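Here is the structure we will look at, set down as structure tokens.
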Amino acid sequence: MNGKVYETIIARRTVRKFRQDRISADILERLVNAARLAPSAMNMQPLRYAVISTPSIAGRIFDCVKWARYIAPAGDPGPDEKPVAYIAILVDASVREKGYEEDVGAAAQNIMLAAWEEGIGSCWMGSIDREKIRNILNLEKGMILDTVIALGYKGEEPVYEEERGSIKYYKDETGLLHVPKKGLTDIMKTY
Ligand SMILES: Cc1cc2nc3c(=O)[nH]c(=O)nc-3n(C[C@H](O)[C@H](O)[C@H](O)COP(=O)(O)O)c2cc1C
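For the sequence shown, position 106 matches number 106 in our numbering, and the numbering has no gaps at all.
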């Protein structure tokens with residue numbers, strides 16, 4: 001198997017250091033388009049997207065997210081390595097109040113894979129100050145803020161390795177981020 005999607009899936013790693021080049025509005029729109037066409041339970045499509053690339057607003061979002069818990073603060077982006085854009089995945093509660101989580105997962109992964117193909121790294125941010133971000137984006141009451149995806153051209157190239165006793169990602173002496181992944185024989189059973 002060596003199709004393009006499979007290659008991208010294997011190569012994609014979470015990135016937390018970014019070059020400061022802007023991401024064009026066209027590319028950001030492409031990423032949301034990739035999310036829009038993701039599978040959705042009963043095709044209800046409850047998700048909405050807030051695209052943030054204005055530097056002053058992106059700077060305020062940065063203050064509301066937490067990076068790489070296992071190695072904090074070594075995984076934090078430096079002052080010149082911050083994400084240049086974010087896509088917040090929102091849920092219109094009038095369409096679905098619960099049971100939307102899988103939709104979010106599929107949409108988020110589409111965004112991250114489509115970004116990777118453009119040379120853009122991403123980090124799924126689940127550890128976020130939702131109240132603060134709601135205020136910054138001036139979200140209406142009926143809008144749930146689920147997830148934020150941080151984006152920017154890659155400033156690091158993390159690698160994965162077979163897990164040997166610990167699932168905690170770590171940085172080696174050169175600063176390279178290693179991400180242990182459980183082996184196929186540990187997670188798969190055939191019938
Ligand atoms: C639901 C979810 C929430 C996450 N939240 C954060 C987060 O708040 N901060 C962070 O630095 N990384 C976060 N991550 C990224 C994971 O740490 C990362 O996916 C994991 O270490 C595996 O690395 P990989 O994406 O390179 O395979 C999150 C990932 C997922 C799926």
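All C-beta atoms in this analysis are idealised placements derived from N, C-alpha and C, irrespective of residue type, glycine included.
Model, not experiment: these values are computed from the prediction.
Counting C-beta pairs closer than 8 Å gives fewer than three between the segment 137-151 and the segment 168-178, which falls short of the contact rule. Just measuring C-alpha positions, the residue of Pro77, Gln45, Ser24, Ala93 sitting nearest Val51 is Ser24. Per DSSP, Asp26 is one residue of the alpha helix (DSSP H) stretching across 25-36.
Inclusion of Ala85 and Gly75 in the CB contact set at 8 Å is not warranted, their separation being larger than that value. According to the DSSP secondary-structure assignment, Ser94 is paired through a beta bridge with no residue.
Setting aside the 5 residues that flank it on each side, Pro83 is surrounded in the same chain by Phe18, Ala150, Leu151, Gly152, each with a C-beta closer than 6 Å to its C-beta; the list follows chain order. The DSSP-derived three-state label of Val84 is coil. Annotation for Met125 indicates a beta carbon within 7 Å of some heavy atom of ligand 1. CA-to-CA, the gap between Asp80 and Ile89 works out to about 25 Å. Counting along the chain, the unbroken alpha helix (DSSP H) around Ala11 starts and ends at 4-11. Membership of Ser56 in the alpha helix (DSSP H) is indicated by the continuous run 55-62.
Arg134 and Leu145 have their alpha carbons spaced roughly 7 Å apart.
Going by DSSP, Asp103 is part of the alpha helix (DSSP H) stretching over 101-117. When only Cα atoms are considered, Asp92 and Asp103 end up about 12 Å apart.
Less than 8 Å separates the beta-carbon of Lys181 from that of Glu162. The beta carbon of Pro46 sits closer than 7 Å to the beta carbons of Val91, Asp92, Val95, Arg96, Tyr100, Asp103 from its chain, once the five residues preceding and following it are set aside; these are given in chain order. Non-local beta-carbon contacts of Asp172 in its own chain, meaning distances under 7 Å to residues more than five positions away in sequence, involve His178 in chain order. Under the three-state reduction of DSSP, Asp76 is assigned to coil, being neither helix nor strand.
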